[in-house]
Structures are given as structure tokens and as C-alpha cells.
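Student: Residue numbers (the numbering used here): 8 to 238.
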């Protein structure tokens, strides 16, 4: 599916930020596939803007790590390797551990306020598991973790984490079977919230580590299974 199809003209608002926002969502939702080239000339025609804002938008997304620029070849969507996945989730683990400490350092009422939206997200996950709606489940999964990190009230942690979450979603939505233990996924999220509310820092940190490492295992197995056989 060509990612450019369906992009909206900006109706007199040809800013690089608006263009980047559209492209970012198309990359994250899988409309642009990993490794696919994003053609500047096509974007100019589709969005009905000049080349300057398009170029700035592509540079912005390259800085975010969602695009990769190859000299004399063009700009391409990030194509994650097994090593990339391991690095992304190791970074996510470190940030979530820091976020857990930040949340638990707050008053109990503040911790409860963080837990409330997390519980709502879990409730919305359940029917998606039953419907095998992996794309929307991926969106809620990462929304849960973004909300968790935001609860630490550390803007820098949140900013760094948003890029890692986007990279994670690219990987998840482009791999079939990335949730082989979907029912366990819901229970793992419930456990994280329960431990947070209980104020059990050591067990919460242990659960975060286990959750991230389980995700790496599932994703890398899917990636290796998706590779063509060398035979």
C-alpha cells in the first residue's frame, strides 16, 4: 500500500510540523512500510505544498529516528533489525524503571491519579484481544506505557519515551503474530497497575523488566520467523 495515498492537502497551512504529523502517523500505522522510500516529489504533489516544508518535515522525522537518509538514494522508513528491537526495549525498560521511581515518590493520591487512566486503558484492551485487533491493541499497549511514563511528571523522560514508543509501534504493526500471548499481555498490565497502587517498588521494577524482556522475545521470534529461509 502506497503511504502517500490519502494524505490530505494542508489548506493554506503548509508548515513542516503539520506535514511531519501526517507522515509520522502514516509511518507508525504501517501505511508506509519499513524500508519503503518516501518520495519528496510525490509528497509535494499530494499535499499541494512547496518543497521547502516537505524537506523540513522529512528532516524532522529523520532526527526523530523514524526515517533514514541515504546519500544519493533518498529517504526511507526505518527498517528495524533484531538488534534494534533489543536496544529499543532496553531503553524503554530504563525509562520505565526511572518513571516508576518518580511515581512512587509522589503522594498516594497522586499515585492513584496515575493508576486511574491506566486501568481504563486495560479495560479497552480486553475486547481487542477477543477480536484479534492487533493494530488497535498495539496502539493501546503503547498508550498505556506513555501514560505510565507521563505519570512521573518528568518532561524529558516523556519526550525520549515518545520516540521509543513510535519505533516500537512501527515494529509491532508490521509483524503478524506479534502478540502470541495476548491474554497474558492484559494480565501483565494489570499486575503493573496493582503493584503501582500497592507501592511495591521492588516487585514493580521486577515486573517491568519481565514485561519488556517478554516483548523482546516475542517480537524477535516473529521477525526471525518472517525472514526468508536461506535453504
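Ideal Cβ placement from N, Cα and C applies to all residues, glycine included. None of these values were measured; they are calculated from a predicted model.
#1: Using only the alpha-carbon positions, how far apart do residue 25 and residue 104 sit?
#2: To the nearest angstrom, report how far apart residue 129 and residue 68 are at their CA atoms.
#3: Would a C-beta distance cut-off of 8 Å place residue 248 and residue 192 closer than the cut-off?
#4: Could you give the distance in angstroms between the alpha-carbon of residue 161 and the alpha-carbon of residue 95?
#5: With a threshold of 16 other CB atoms inside 10 Å of the CB of residue 288, please say whether the residue is buried or exposed.
#6: With DSSP as the reference, please indicate the residues paired to residue 77 in a beta bridge.
#7: Do the CB positions of residue 41 and residue 87 come within less than 8 Å of each other?
#8: In terms of DSSP beta bridges, what is residue 44 paired with?
#9: Please state whether DSSP places residue 19 in a helix, a strand or coil.
#10: Exposed or buried, residue 225, counting other C-beta atoms within 10 Å across all chains shown (16 or more means buried)?
#11: Which value, in whole angstroms, describes the spacing of the CA atoms of residue 27 and residue 126?
#12: Three Cβ pairs or more, each shorter than 8 Å: is that satisfied between the stretch 137 to 145 and the stretch 50 to 65?
#13: Identify whether residue 114 lies in helix, strand or coil by the three-state DSSP scheme.
#14: Going by C-alpha distance, which of 90, 110, 133 and 79 is nearest residue 164?
#15: Does the Cβ of residue 56 have 16 or more other Cβ atoms within 10 Å, making it buried, or fewer, making it exposed?
#16: If you draw a straight line from the C-alpha of residue 116 to the C-alpha of residue 71, how long is it?
#17: Given residue 31, which residues of its chain have a CB within under 8 Å of its CB, disregarding the five upstream and five downstream residues?
#18: Go through the stretch 128 to 213 residue by residue and report every complete run of the alpha helix (DSSP H) that reaches 4 residues or more, in order.
Tutor: Taking the coordinates as given:
#1: The residue given as residue 25 occupies position 18 in the chain shown. The residue given as residue 104 occupies position 97 in the chain shown. CA-CA distance, residue 25 to residue 104, rounds to 33 Å.
#2: What you label residue 129 is simply residue 122 of the chain shown in a count that begins at 1. What you label residue 68 is simply residue 61 of the chain shown in a count that begins at 1. If you draw a straight line from the Cα of residue 129 to the Cα of residue 68, it comes to about 30 Å.
#3: There is no way to answer for residue 248, as the model of the chain reaches only from 8 to 238.
#4: Mapped onto the chain shown, residue 161 falls at position 154. Mapped onto the chain shown, residue 95 falls at position 88. A direct Cα-Cα distance of roughly 20 Å separates residue 161 from residue 95.
#5: The chain is shown from 8 up to 238; residue 288 falls before or after that span and cannot be answered.
#6: Position 70 of the chain shown, counted from the start, is the residue given in the question as residue 77. Paired residue(s): 81.
#7: Within the chain shown, numbered from 1, the residue matching residue 41 stands at position 34. Within the chain shown, numbered from 1, the residue matching residue 87 stands at position 80. A contact, by the Cβ cut-off of 8 Å.
#8: As a first step, residue 44 is located in the chain shown; it is residue number 37 there, counting from the start. Under DSSP, residue 44 shares a beta bridge with 83.
#9: By 1-based counting over the chain shown, the position of residue 19 is 12. Because the pLDDT of residue 19 is 49, which lies under 50, any placement of that residue in the model is unreliable, and the question is left without a value.
#10: For the purposes of this step, residue 225 is taken as residue 218 along the chain shown, with counting starting at 1. With 16 or more Cβ atoms within 10 Å of its Cβ, residue 225 is classed as buried.
#11: Residue 27 sits at position 20 when you count from the first residue of the chain shown. Residue 126 sits at position 119 when you count from the first residue of the chain shown. Each residue's Cα considered, the two are about 31 Å apart.
#12: As far as the Cβ criterion goes, the stretch 137 to 145 does not touch the stretch 50 to 65, which means the pair count is below three.
#13: Start at 1 with the first residue of the chain shown, and residue 114 comes out as number 107. Three-state DSSP puts residue 114 in coil, outside helix and strand.
#14: Taking the chain shown and counting its residues from 1, the one referred to as residue 164 is at position 157. With distances taken between Cα atoms, residue 164 lies closest to 110.
#15: Locating residue 56 in the chain shown gives position 49, where the first residue counts as 1. Buried, by the Cβ-count rule.
#16: By one-based count along the chain shown, residue 116 stands at place 109. By one-based count along the chain shown, residue 71 stands at place 64. Each residue's alpha carbon lies about 35 Å from the other.
#17: For this step, residue 31 is matched to residue 24 along the chain shown. Excluding positions up to five away in sequence, the list reads 68, 71, 73 and 173.
#18: Counting only runs of 4 or more, we get 141 to 157, 162 to 180 and 189 to 205.
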